[in-house]
């Protein structure tokens, strides 16, 4: 069930009627409220930093990335929710390779290379919420992903 409420004011003079029309448009555009919704569709985006945890490289650095896409949530009753997202994610990291001689001493030559990964992800989640005025929620899910491309930039 979708319930829509709007406030309308109409004046007596021509100026009041014009103000009333402007008020009507303003209220119809900005004060529409909906109750009883159980389907929520939205957009999502964000900035991220990706890194690796390994001892294989002496120096590894984070690389900025981002994600964006669409979200959908279905709320059953007042407590449980189920949802999914369709997201594009860009990830990667940078490594610096230090060249050494036969004894393992650095020669002073360093090479830096970057890796870039592009994913299409479809997170599937379920959640539970508690509270009325102030509420909290917890979600759990899985995040299948398809690697769209992987590139490495070498000097």
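Numbering (our numbering), first residue to last: 38 to 192. Glycine residues also receive a C-beta, built at the ideal position from the N, C-alpha and C atoms. On a predicted model such as this, the values are computed, not experimentally measured, just so you know.
Residue i to residue j span [Cα, whole Å]
i	j	result
residue 84	residue 105	9 Å
residue 90	residue 79	34 Å
residue 129	residue 114	41 Å
residue 127	residue 183	12 Å
residue 145	residue 122	47 Å
residue 191	residue 100	15 Å
residue 147	residue 97	12 Å
residue 108	residue 82	10 Å
residue 168	residue 177	19 Å
Contacts around residue i, its chain only, beta-carbon distance under 7 Å, and the 5 residues preceding and following it disregarded
i	result
residue 111	75, 76, 118, 119, 120
residue 174	164, 165, 166
residue 87	99, 100, 102, 128, 129, 130
N-terminal and C-terminal residue of the beta strand (DSSP E) that residue i is part of
i	result
residue 182	182-190
residue 172	Run containing residue 172: none; DSSP gives neither H nor E here.
residue 80	76-87
residue 110	96-113
residue 167	161-167
residue 127	117-137
residue 155	143-158
Residues near residue i by beta carbon distance below 6 Å, same chain, minus five either side
i	result
residue 179	161
residue 124	104, 106, 158
residue 181	159
residue 143	135, 137
residue 133	96, 147, 149
residue 140	none
Contact set for residue i: own chain, Cβ-Cβ below 8 Å, skip 5 residues either direction
i	result
residue 172	166
residue 170	none
Taking one C-beta from the region 152-166 and one from the region 110-119 each time, how about it: are there three or more such pairs within less than 8 Å? yes
Pairing CB atoms from the region 175-188 with CB atoms from the region 138-156, are three or more of them under 8 Å? yes
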